[in-house]
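J.:
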Amino acid sequence: MTYTPDRRTILTRYTAPGRVNRGPHDLAGILIETPDPVASAAWLGGLLGLKPGSPATVVELPLGAVHFTEGDADAITALLLSEGAPPTAVIDGLAVRPLDSVPSPSGPSI
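The working numbering puts the first residue of the sequence shown at 23, with every later residue one more than the last.
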């Protein structure tokens, strides 16, 4: 994929300290349910050119993370919100819940 500016410039420019004014209950990540969370995380990391995270089911992005969990949905199942006690809801099967509600996986890390 070719685009201008390049990835490094975009990350530097748009994620610099103070550039994003994070507030309470910001989107801090998404949760994807998939039959093989480790392989799915590795695939996304490879697609984005990112090194595997620790745990191996999390792909860290500049302003949040993609968390993979085992299940049959093969879909985004939750939006994860930051700080304090954000609202919790389920709307048409998509949950909105706190980031710290995602359990730490007990599987292997890569």
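Where a beta carbon is used, it is the ideal one built from N, C-alpha and C, also for glycine.
1) Going by other Cβ atoms of all chains shown within 10 Å of its Cβ, with 16 needed for buried, is VAL112 buried or exposed?
2) If you run the structure through DSSP and keep just helix, strand and coil, what is GLY115?
3) THR79: buried (16+ other C-beta within 10 angstroms of its C-beta) or exposed?
4) Among residues of its own chain, excluding the 5 on either side of ALA95, which ones have a beta-carbon nearer than 6 Å to its beta-carbon?
5) Which residues bound the beta strand (DSSP E) around VAL60?
6) Is the separation between the beta-carbon of HIS89 and that of LEU33 shorter than 8 Å?
7) Going by Cα to Cα distance, which pick from LEU102, ALA107, GLY106, VAL124 is closest to VAL118?
T.: Short version:
1) As a first step, residue 112 is located in the sequence shown; it is residue number 90 there, counting from the start. Exposed.
2) Mapped onto the sequence shown, residue 115 falls at position 93. Correct three-state label for GLY115: coil.
3) Locating residue 79 in the sequence shown gives position 57, counting from the first residue. Answer is buried; the Cβ neighbour count reaches 16.
4) On the sequence shown, residue 95 is found 73 positions in, with the first residue counted as 1. For ALA95, where only same-chain residues beyond five positions count, the Cβ hits under 6 Å are GLU55.
5) On the sequence shown, residue 60 is found 38 positions in, with the first residue counted as 1. It is not in any beta strand (DSSP E) - VAL60 instead sits in the alpha helix (DSSP H) that spans 59–70.
6) One-based indexing of the sequence shown puts residue 89 at position 67. One-based indexing of the sequence shown puts residue 33 at position 11. Their beta carbons are not under 8 Å apart, which means HIS89 does not touch LEU33 by this criterion.
7) Looking up residue 118 in the sequence shown gives position 96. The shortest C-alpha separation from VAL118 is found at LEU102.
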